[in-house]
Each structure stands twice: as C-alpha cells, then as structure tokens.
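To keep things clear, I will list the structure first and then write my remarks on it.
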Amino acid sequence: MTAELSTEQLTRVNAHIDGYRNVRGALLPLLHAIQDDIGYVPEEAYLPISKALALSVAEVHGVVTFYHHFRRHPAGKHILQVCRAESCQAMGSEKLEAHIKSTLGIDYHQTTQDGSITLEPVYCLGNCACSPAVMMDDEVYGRMNAEKVVELVKEARSA
Amino acid sequence: MAIKVYVPCDSTALSLGANKTADAIATEAKKRGLEIELVRNGSRGLFWLEPMVEVATNKGRVAYAPVQPKDVPSLFDADFLTGGAHPLNLGLTEELAWLKKQQRLTFARVGITDPISLEDYLAHDGYKGLKNALELSGSEIVKTVTDSGLRGRGGAAFPTGIKWNTVLGCQADQKYIVCNADEGDSGTYSDRMVMEDDPYVLIEGMTIAGIAVGATQGYIYLRSEYPHALKSLNTAIQRAENAGYLGEKICGSNHTFKLEVRRAAGAYVCGEETSLLESLEGKRGLVRFKPPLPAIEGLFGKPTVVNNVISLATVPIILDKGAQFYADYGMGRSRGTLPIQLAGNLKQTGLVELAFGATLRELLYDFGGGSASGRPIRAVQVGGPLGAYLPESQFDTPLDYEEFTKIWAVLGHGGIVAFDDTVDMAKMARYAFEFCAIESCGKCTPCRIGSTRGVEVIDKITSGKDHAKNITLVRDLSDTMLNGSLCALGGMTPYPVLSALNHFGEDFGLPANVKAG
C-alpha cells in the first residue's frame with residue numbers, strides 16, 4: 001500500500017525529474033531530491049523516473065530498495081536515528097536503544113502514533129568521540145543518555 | 160579592533176551544544192556592550208573538551224573548555240577576552256600537551272581556521288601545493304606523490320602514486336578523480352573533520368590529482384549521514400570556483416577541473432571502491448569483479464583515481480613541502496603520518512595525528528587517558544567494524560601497516576575503539592556477522608549467506624548447543640568468507656569474529672587463555 005500523492009506533490013516530483021534528465025548517473029541525486037522534498041520516494045514516481053532516465057521500472061525499484069536511506073512510505077515529522085555501531089556500544093548504546101524504543105512505544109522503522117517521530121537505526125554518525133550518539137533530523141547529539149533523549153523528543157514534538 | 164572569539168562548528172562540537180555556547184557568548188557580549196568577532200572555526204580535535212572556546216590574545220590563542228552557556232557570564236566576569244584566569248582556562252592552545260605531542264601535517268590547519276573562509280585558507284599555506292603542481296608535468300607530480308610513500312588511508316594502504324601512475328598512463332577522452340568520502344567505519348571521523356573543518360585542502364588535493372593524471376572531472380561521494388560536511392564542501396567548492404581555483408583555466412593555466420559532491424544513501428558497502436562507482440553511476444551498489452581495475456576502467460568505464468579523503472587531503476602538503484619532507488616521518492614502509500581517531504570507552508577522545516610507529520598503549524593511555532568508565536580496558540578494535548579486536552597483550556604493537564599484518568590485524572582508516580571489561584566479546588562477534596548481513600550487497604554467496612549463518616552459529620555457541628562442533632563450524636565458515644568473498648566486507652568480517660574467539664575464548668564458553676581450535 002502506498003499513500004496517495006497529491007496533485008501538487010506529483011507536480012513537484014515531475015519538476016525534480018525534469019531537472020535531472022541530462023545529468024550523468026542521475027538516479028541517486030534525483031531520489032535524494034524527491035525524498036528531501038516530499039519525505040519519501042513514492043512508487044508513483046518510478047515510471048516517470050524510468051522514462052526520463054531510460055531505465056526499467058525494476059531498475060528504479062532495485063535502487064530505491066538497495067539503499068537504507070531511501071524510504072518508500074511517508075515518515076513521521078521528525079526522524080530519530082540511533083547509532084548501533086561499536087563505539088556507541090562501548091558506551092552503553094544498547095541500553096539507550098531499549099529505553100528509546102520503550103519510551104516511544106515503537107521499534108526501528110516505525111513511527112509513533114501521533115506521527116511525530118520515526119525511529120531508525122544507523123551505523124555510525126562519525127560522532128564516535130562522544131558516544132553514544134543520536135541524530136534528530138539533520139543534527140547530531142553526543143554523549144546521550146535516557147534523560148537527554150527524552151528531552152530531545154519532547155523538544156521535537158513541541159517544535 | 161574587535162577581539163576574536165572562536166567557537167567550533169564541527170559536528171561533534173555541535174553535538175555537545177557549541178551553537179548554544181556561541182549564542183550565549185554573542186548575547187552576553189552585546190549585553191555588556193563589548194565588541195567581539197565570533198569566528199566559527201573547525202575543531203582542534205580535543206573532543207572530550209568540546210565545546211572549546213578560544214580567545215585571540217597578544218600571547219596567542221587561549222583555550223577555555225568545556226564551555227556551556229551557563230559558564231558564559233562568569234567567563235566575561237573573569238575577563239576571558241584578554242585571557243583572564245578562570246577554572247575553565249586551559250592556557251595557550253598551542254601549549255596543550257595533547258596537541259604539542261602531535262605531528263599535524265594533514266590536519267595542520269584544522270581547528271585553527273574558519274573552514275569556509277578562502278582567505279583564511281590562503282593565509283595558512285593553502286594552495287601552495289597547487290601552485291607548485293602547476294609548474295610540474297603530470298608525471299613529475301605523480302613521482303612526487305610516489306616518492307612521499309603515501310599509501311591509501313581508506314584502509315587498503317595501496318601506494319597512492321602507483322595508482323595515479325596507472326591512470327596517467329591510460330589514453331582516454333575522459334578521466335575521473337573520485338573521492339571516497341563514504342566514511343562508514345565505527346570509530347572514525349577524520350574524513351568528516353577534514354570536510355567540515357578544512358574543506359579546501361580536499362578540494363586542492365583533488366585538483367592536483369586531476370592535473371597530475373589528466374582528469375577534468377571530480378566527484379566526492381559523501382555519506383548521507385554527514386549533512387554538515389555537505390554544506391561546508393558545497394560552500395567551499397562554490398567559493399573556489401568563483402576565485403578561479405576550480406573550473407576552466409585554473410589559476411590562469413590551461414588546466415580544467417570541475418568538482419561535484421554526490422550524496423551516498425546509507426549503504427556501508429559503497430565504501431568499497433567498485434561498489435561506490437556503481438552507486439555514482441546511479442545503480443545498486445553491487446561490488447564489481449576486478450580486473451579490470453578502476454584505474455583502467457572505472458567510473459562510466461573510464462580511467463579513474465579512487466582515493467580516500469585523507470589520502471587526497473595529504474597531497475597538498477606533499478606538493479608544498481616536497482616528497483622527502485613527508486617521507487621523513489614514519490617507520491618501515493609506512494611513511495608519513497596517520498590521523499588516528501580515539502573513540503569508544505576512553506576518557507580523552509579525539510583526533511591524534513602522529514607519524515607511524517607510536518604504540519597502541521601510548522594512544523590509549525597517554526593520549527586517551529584510559530577508559531572513560533574507570534574500569535580496565537579489555538579489548539580494542541582498530542580499523543573499523545572489519546578490524547580485529549586486540550587484547551592487552553598486543554597493546555605494544557606499533558601503528559604500522561606491516562606490524563599490524565603480523566598480528567593478523569589491520570590499521571584500516573585509523574579508528575581505535577576501546578571497550579572496558581564489561582564487554583561481552585561473543586556478542587561483539589555476533590554483531591560483526593549481523594552488521595555484515597545488514598550491509599552485504601548480496602552479490603557473492605560467502606558474504607550474503609555466510610553472514611546470516613554466522614549469527615546463527617554464534618547463537619548456538621553461546622547457548623551451548625553442540626558447542627565444540629559449532630566452534631569448528633564458525634572457523635570453517637570464517638575461512639570460506641575470508642577466501643571466497645568478492646570484497647573486504649565478507650572477506651574481513653572474520654577478523655573481528657576470529658580475533659574475538661582467539662583472544663577472548665572465555666566469552667565463548669572456552670577455558671580462559673586457551674586458544675580454541
């Protein structure tokens with residue numbers, strides 16, 4: 001099941017596609033542009049993308065699904081990424097993960113009921129000097145603990 | 160003249176609240192009617208002390224750290240703008256032991272300058288390497304890089320000059336320089352620091368590479384987890400173009416070099432060079448068979464230099480100061496310096512650039528100050544998620560590519576992650592397989608299937624099911640992955656797994672200190 005795209009969103013998707021028609025290796029930058037704009041890569045976009053870039057729909061689908069970054073469904077208002085890599089594990093990220101999941105009442109790749117937070121695992125944010133780390137949208141937060149994450153979530157929800 | 164106050168804009172500093180600190184300083188200065196010039200510099204790399212604020216005094220820059228917004232009024236009360244005494248005053252930054260003991264070549268400017276200021280870059284020896292390169296032929300540049308002994312800092316340690324020479328020798332209507340900025344290894348952040356804190360040095364290094372081998376187009380393949388690096392690079396590229404350092408007729412010469420940042424999309428395997436090229440071409444990041452080498456048939460089938468950020472960012476200083484200057488640092492066949500990244504359970508984490516040859520123990524205790532938790536350091540993973548776990552008995556190994564090979568370990572990209580004695584090494588071995596399963600591109604069977612089977616076998620071992628049989632099985636499986644995988648992802652996952660098993664057998668239900676198998 002995919003969410004229905006509004007006419008306005010479809011127009012925007014098509015505008016992005018037009019912008020990448022003559023770029024070499026355009027597929028990743030184009031998928032980024034679409035996701036940055038409307039929050040995910042809708043399946044309705046596969047056919048026009050494939051036509052514009054001379055690919056098959058299967059190839060487009062293959063690329064979208066290969067990369068962890070691209071989402072095929074709308075996400076919550078904010079994306080919370082929690083680092084699961086070794087450095088963060090060395091500083092107790094496992095407990096933090098469990099705490100975040102129970103606080104939000106969701107598992108990875110899920111969105112809270114109020115639609116405010118989507119939770120994703122991530123394998124290194126390059127903030128390993130201040131583990132454990134999380135990322136809320138485009139901002140990294142270091143030396144996290146249960147209280148700080150709760151505060152971060154509260155701020156995001158009220159923003 | 161307004162006094163310069165420095166507050167880093169590096170993402171680790173930001174992750175500890177540097178923006179709030181900067182705002183608090185600006186607000187407090189205004190409130191007190193004091194004129195200051197707030198500079199957002201890169202980080203000096205003393206990450207355990209971020210946010211580190213520096214003030215330019217006539218004696219040099221004075222550091223105050225770590226500064227939280229609540230500390231700001233008291234700093235003004237203590238007259239910190241003239242280097243006044245305060246509990247957070249660390250003295251002159253340049254005199255800090257952590258920095259004084261380092262040999263910063265690649266990171267010479269990092270933390271000192273405003274990253275996106277081209278004027279600052281030029282005032283601190285920027286573009287001197289390019290100026291020299293423009294006087295040399297392509298083969299002379301390549302020879303300089305070869306003679307410096309620089310080896311790929313991404314992990315494979317292949318001599319950079321030899322790679323360039325292959326591309327130089329190819330006849331083609333188009334060649335490419337590709338920068339591998341898909342720094343996905345846990346415990347590493349030196350690429351990120353260069354890109355956020357001194358982006359022009361990478362741009363200059365790629366430009367020199369382009370001129371050397373005759374490539375007119377460059378791409379930086381940047382991981383999507385680094386939004387600040389993206390902004391910093393794009394701003395710097397734009398400014399370099401405007402000033403004639405990129406584009407056509409570089410610095411009035413006949414050379415053309417264009418540069419573009421392409422965002423990756425969260426696939427660890429795309430740090431492998433052929434998978435990266437597939438991704439840049441807009442495909443799934445499936446690893447390619449080699450040969451052909453990317454140097455001969457790389458991006459879009461054309462000869463391509465693929466180098467790591469640190470390798471390329473080290474080229475300017477080599478061209479500026481000469482091959483011998485760089486080669487004089489280091490030991491054995493590991494010439495020059497390695498930017499080492501201290502991470503995980505350490506008291507004093509951060510960036511330490513040193514000539515090859517320092518021991519792990521010096522890094523963990525002299526620089527790192529021991530564990531953050533205060534408990535004994537039990538295991539250290541060097542070189543990212545595909546690097547071996549080392550026990551204390553190996554802490555005196557010098558950081559040198561060959562010395563690490565001798566103990567069946569790798570230096571990789573220079574990341575060091577420390578674990579205290581609460582770590583369960585069987586769990587870490589399981590995680591290594593799990594990570595491989597999540598990130599496998601799926602092209603070869605040992606990696607695609609082996610990783611999942613590996614998780615299952617470790618689970619059987621830890622639950623005691625057919626223990627001896629499964630210990631043998633995990634060794635067999637590791638052997639298959641080691642020898643049968645197409646790239647380092649499957650091929651090196653056995654490093655963390657087997658090193659954990661060999662050095663920490665007690666966590667796998669084996670008698671302590673007895674090596675299994």
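If you're matching them up, the sequences are chains A and B in order. To convert, note that position 38 of the first sequence is 38 in my numbering; the numbers rise steadily by one, no gaps. In short: position in the second sequence from 1, add 159, done, that's my numbering. Glycine residues also receive a C-beta, built at the ideal position from the N, C-alpha and C atoms.
Residues in the stretch 421–454 of chain B with C-beta within 9 Å of chain A's C-beta atoms, listed in sequence order? Arg-421, Arg-422, Ala-423, Ala-424, Gly-425, Ala-426, Tyr-427, Cys-429, Ser-438, Leu-439, Glu-440, Gly-441, Lys-442, Arg-443, Gly-444 and Leu-445
Can you list, in chain order, the residues of the stretch 233–253 of chain B whose Cβ is nearer than 9 Å to any Cβ on chain A? none
Tell me, please, whether the CB atom of A:Gly-126 is closer than 8 Å to any CB atom in chain B? yes
Is A:Met-91 helix, strand or coil when you go by DSSP? coil
Inspect the beta-carbon positions of B:Pro-655 and B:Pro-544 and report whether they are closer than 8 Å. Taking the C-beta atoms as reference points, B:Pro-544 is found nearer than 8 Å to B:Pro-655.
For B:Gly-311, which option in B:Cys-606, B:Gly-491, B:Ala-517 and B:Val-464 has the closest C-alpha, if you only look at C-alpha atoms? Nearest option by C-alpha distance: B:Val-464.
Outcome for B:Asn-339 when other beta-carbon atoms lying within 10 angstroms are tallied against a minimum of 16: buried
Give a yes or no on whether the C-beta atoms belonging to A:Glu-44 and A:Arg-72 are separated by under 8 Å. no
For B:Asp-230, which residues from the same chain have a beta carbon less than 7 Å from its beta carbon, with the 5 sequence-adjacent residues on both sides left out? Excluding sequence neighbours, B:Asp-230 sits near Leu-247.
Drop a sphere of 10 angstroms on the beta-carbon of B:Arg-492, count the other beta-carbons inside from all chains shown, and report buried for 16 or more, exposed for fewer. It is exposed - the Cβ of B:Arg-492 has fewer than 16 other Cβ atoms within 10 Å.
Please classify B:Thr-325: does DSSP put it in a helix, a strand, or coil? helix
B:Leu-173 versus B:Pro-210: straight-line alpha-carbon distance, rounded: 8 Å
Residues from the stretch 330–348 of chain B in contact with chain A, defined by Cβ distance under 8 Å: Glu-342, Gly-343, Asp-344, Ser-345, Gly-346, Thr-347 and Tyr-348
With 8 Å set as the bound, which would you pick, yes or no: does the beta-carbon of B:Thr-508 sit closer than that to a beta-carbon of chain A? yes
List the residues of chain A that B:Arg-537 touches, going by C-beta distances under 7 Å, in chain order. By Cβ distance, chain A contributes nothing, its closest Cβ being about 10 Å from B:Arg-537, past 7 Å.
Compute the Euclidean distance between the alpha carbons of B:Ala-538 and B:Val-614, then round it to the nearest angstrom. 21 Å
Using 8 Å as the limit for Cβ to Cβ distance, is A:His-69 near chain B? A:His-69 belongs to the set of residues whose beta carbon lies under 8 Å from a beta carbon in chain B.
Mind checking who B:Arg-494 pairs with in its DSSP beta bridge? B:Gly-489
So with Cβ pairs under 8 Å, would you call A:Gly-25 a contact of chain B? yes
Roughly how many whole angstroms lie between the Cα atoms of A:Lys-95 and A:Ala-85? 13 Å
Since A:Arg-143 meets chain B, which of its residues come closer than 9 Å, beta carbon to beta carbon? What A:Arg-143 touches in chain B: Ser-174 and Leu-175.
Taking the beta strand (DSSP E) that B:Gly-219 belongs to, which residues open and close that run? For B:Gly-219, the enclosing beta strand (DSSP E) stretches over residues 219–223.
In the structure shown, what three-state DSSP assignment does B:Leu-197 receive? If DSSP states are grouped into helix, strand and coil, B:Leu-197 belongs with the strands.
Could you check the C-alpha separation between B:Ala-371 and B:Ser-298 for me, to the nearest Å? 7 Å
Provide the residue span of the beta strand (DSSP E) that contains B:Val-576, from first to last. 574–579
Between A:Leu-80 and the rest of its own chain, which residues show a CB-CB distance below 6 Å, the 5 nearest in sequence each way excluded? Ile-117, Leu-119 and Met-136
Helix or strand or just coil, what does DSSP make of B:Tyr-654? DSSP places B:Tyr-654 in helix when its eight states are reduced to three.
Going by C-alpha to C-alpha distance, which of B:Pro-167, B:Glu-194 and B:Lys-190 sits closest to B:Ala-181? The option with the nearest alpha carbon to B:Ala-181 is B:Pro-167.
Residue span of the alpha helix (DSSP H) that contains B:Glu-437, given as start and end: 432–439
Find the residues of chain A that neighbour B:Arg-351, judging by a C-beta separation of less than 7 Å, and give them in chain order. Gly-126
Out of B:Phe-239, B:Ile-469 and B:Lys-390, which has the shortest C-alpha to C-alpha gap to B:Ile-275? Taking each of B:Phe-239, B:Ile-469 and B:Lys-390 in turn and checking the Cα distance to B:Ile-275, the smallest one comes out for B:Lys-390.
How would you list, in chain order, the residues of chain A whose beta-carbon sits under 7 Å from the beta-carbon of B:Asn-504? Within chain A, the residues Ala-90 and Met-91 have their CB atoms less than 7 Å from the CB of B:Asn-504, given in chain order.
At least one CB of chain B closer than 8 Å to the CB of A:Tyr-123: is that the case? yes
Distance check for B:Arg-421 and B:Ile-379, CA to CA, integer angstroms please. 6 Å
Enclosing beta strand (DSSP E) for A:Leu-119 [first to last residue]: Run containing A:Leu-119: 117–122, per the beta strand (DSSP E) assignment.
Does the stretch 509–523 of chain B touch the stretch 399–413 of chain B, meaning 3 or more C-beta pairs lie closer than 8 Å? no
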